[in-house]
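Numbering (my numbering), first residue to last: 1327 to 1685.
Note that the Cβ used here is the ideal one computed from N, Cα and C, for glycine as well.
These figures come from a predicted structure and were not determined experimentally.
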């Protein structure tokens, strides 16, 4: 099966994301009563784009095959709208956290750029969705990033996410982790490099809320809200500065167990580019809630690490059952069939090539 080109995938993702630009998105409906001059304006919710994490070509292909039902807009009035199965996810998140976990090392800039790049290339060739590559801090300074960008674009990447922490990074959700931010001008230079040296979508990620929360966790203070408020002010300032430097979107990260911190940030955000969130620590927030409670300012939700966590949980259950049963019969109905794996490996395409080119 022929897969879409990298440029086609990038154009698709860019067009979808552009609907959430805060200056021109947020479709509204207005109503005016004849007895008063009051006009009520409401925002029409836009479903955010969803990116599913992956750490391998296999996990990305599985994600791309998950479908949902779409209602056709071409149906005739009064008839039952025709439906079609469409991909449930809009993009694949090539997760640094997941790739680190795949190699059983911490998410702390330990895996090599070549390992990350090779996996990105494999994922591109395995499935049709656009790729959003998690470049962490850009593998160093703006010069390091400059060398990485053309290689990721050549590998089929549609968007890159770079974050404003120092190199080497530490995982955002690690208790007591090192969450030190680089100066704003230094990070703006990285954004400019990304924009000038590639045609990929550039998503600037600020860890200001994470850094403030970590400061609260590791210091004794009588007023933890003071650090959190300072964190929001810093995050807002950085978001606007990153937009000024050319970022196409801003990812704001939080390790709060509830979405209130993100809701507060979105309410105060006055930028024009869409926001991106990764709700790992506040999982009970539905995608519908994201649109409703952020005034459509969030254009993309990244499921940041769910592929590897699902895989780990599934393997543990199967391995435990095999060990307890002293045999494999008990897991047969709980694991994928060999035929399913053949399908994921592209066995049908292999057979067609054999028929066409082998004697």
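Where do the ends of the beta strand (DSSP E) carrying residue i lie?
{"i": "residue 1460", "result": "1457 to 1460"}
{"i": "residue 1528", "result": "1527 to 1532"}
{"i": "residue 1578", "result": "1575 to 1578"}
For residue i, which residues in the same chain have their Cβ closer than 7 Å to its Cβ, ignoring the five residues on either side in sequence?
{"i": "residue 1436", "result": "1426"}
{"i": "residue 1565", "result": "1532, 1576, 1578, 1595, 1597"}
{"i": "residue 1648", "result": "1654, 1657"}
{"i": "residue 1470", "result": "1464"}
{"i": "residue 1431", "result": "1437"}
{"i": "residue 1454", "result": "1329, 1330, 1390"}
{"i": "residue 1439", "result": "1465, 1474"}
{"i": "residue 1556", "result": "1538"}
Excluding the 5 residues preceding and the 5 following residue i in the sequence, name in chain order all residues of the same chain whose CB lies nearer than 8 Å to its CB.
{"i": "residue 1613", "result": "1373, 1374, 1376, 1627"}
{"i": "residue 1608", "result": "1580, 1582, 1583, 1584, 1585, 1588"}
{"i": "residue 1395", "result": "1409, 1410, 1411, 1412"}
{"i": "residue 1478", "result": "1443, 1446, 1459, 1461, 1486, 1524, 1526"}
{"i": "residue 1472", "result": "1519, 1523"}
{"i": "residue 1617", "result": "1371, 1372, 1373, 1374, 1624"}
{"i": "residue 1421", "result": "1379, 1380, 1381, 1460, 1630, 1631, 1633, 1634"}
{"i": "residue 1456", "result": "1335, 1336, 1338, 1339, 1416, 1417, 1418, 1484, 1485"}
Which residues mark the beginning and the end of the alpha helix (DSSP H) in which residue i is found?
{"i": "residue 1641", "result": "1632 to 1651"}
{"i": "residue 1523", "result": "Element bounds for residue 1523: n/a, residue is neither H nor E."}
{"i": "residue 1502", "result": "Residue 1502 -> no alpha helix (DSSP H), and no H or E assigned at all."}
{"i": "residue 1329", "result": "Segment: none, residue 1329 is in no alpha helix (DSSP H) and carries neither H nor E."}
{"i": "residue 1664", "result": "1664 to 1670"}
{"i": "residue 1593", "result": "1586 to 1594"}
{"i": "residue 1683", "result": "1673 to 1683"}
Since residue i and residue j are thought to touch, with beta carbons under 8 Å apart, how far apart are those beta carbons, to the nearest angstrom?
{"i": "residue 1488", "j": "residue 1530", "result": "6 Å"}
{"i": "residue 1418", "j": "residue 1388", "result": "Wrong, their Cβ atoms sit about 11 Å apart, outside the cutoff."}
{"i": "residue 1665", "j": "residue 1644", "result": "18 Å between Cβ atoms; not a contact."}
{"i": "residue 1561", "j": "residue 1424", "result": "Wrong, their Cβ atoms sit about 25 Å apart, outside the cutoff."}
{"i": "residue 1567", "j": "residue 1510", "result": "5 Å"}
{"i": "residue 1441", "j": "residue 1414", "result": "Contact doesn't hold; Cβ gap of about 28 Å is too wide."}
{"i": "residue 1538", "j": "residue 1496", "result": "About 15 Å; that fails the 8 Å criterion."}
Return the chain-ordered list of same chain residues with a C-beta closer than 6 Å to the C-beta of residue i, the five sequence neighbours on each side being excluded.
{"i": "residue 1383", "result": "1448, 1449, 1452"}
{"i": "residue 1540", "result": "1505"}
{"i": "residue 1336", "result": "1484"}
{"i": "residue 1605", "result": "1611"}
Would the beta-carbon of residue i be found less than 7 Å away from any heavy atom of the ligand GDP?
{"i": "residue 1675", "result": "Among the components modelled here there is no ligand, and therefore nothing to report on the ligand GDP."}
Decide if the segment 1444 to 1463 is in contact with the segment 1472 to 1490; the criterion is three or more beta carbon pairs, one per stretch, under 8 Å apart.
The answer is yes - the segment 1472 to 1490 touches the segment 1444 to 1463, with three or more Cβ pairs under 8 Å.
Please give me, in chain order, every unbroken run of the alpha helix (DSSP H) with length at least 4 that falls completely inside the segment 1599 to 1625.
Listed in chain order, the complete alpha helix (DSSP H) runs (minimum 4 residues) inside the segment 1599 to 1625 are 1613 to 1619.
Could you pull out every unbroken alpha helix (DSSP H) segment of at least 4 residues lying fully inside the segment 1403 to 1486, listed in chain order?
With a minimum length of 4 residues, the continuous alpha helix (DSSP H) runs that stay inside the segment 1403 to 1486 are 1422 to 1428, 1439 to 1452, 1468 to 1480.
Contact between the segment 1561 to 1580 and the segment 1507 to 1525: three or more CB pairs below 8 Å?
Using a C-beta cut-off of 8 Å, the segment 1561 to 1580 makes contact with the segment 1507 to 1525, since at least three inter-stretch Cβ pairs fall below that distance.
Complete runs of the alpha helix (DSSP H) confined to the segment 1371 to 1396 [at least 4 residues]:
Whole alpha helix (DSSP H) segments, 4+ residues: 1383 to 1390.
Would you check if the segment 1460 to 1479 and the segment 1488 to 1504 touch, i.e. whether three or more CB-CB distances between them fall below 8 Å?
A contact is defined here as three or more CB-CB pairs under 8 Å, and the segment 1488 to 1504 meets this definition with respect to the segment 1460 to 1479.
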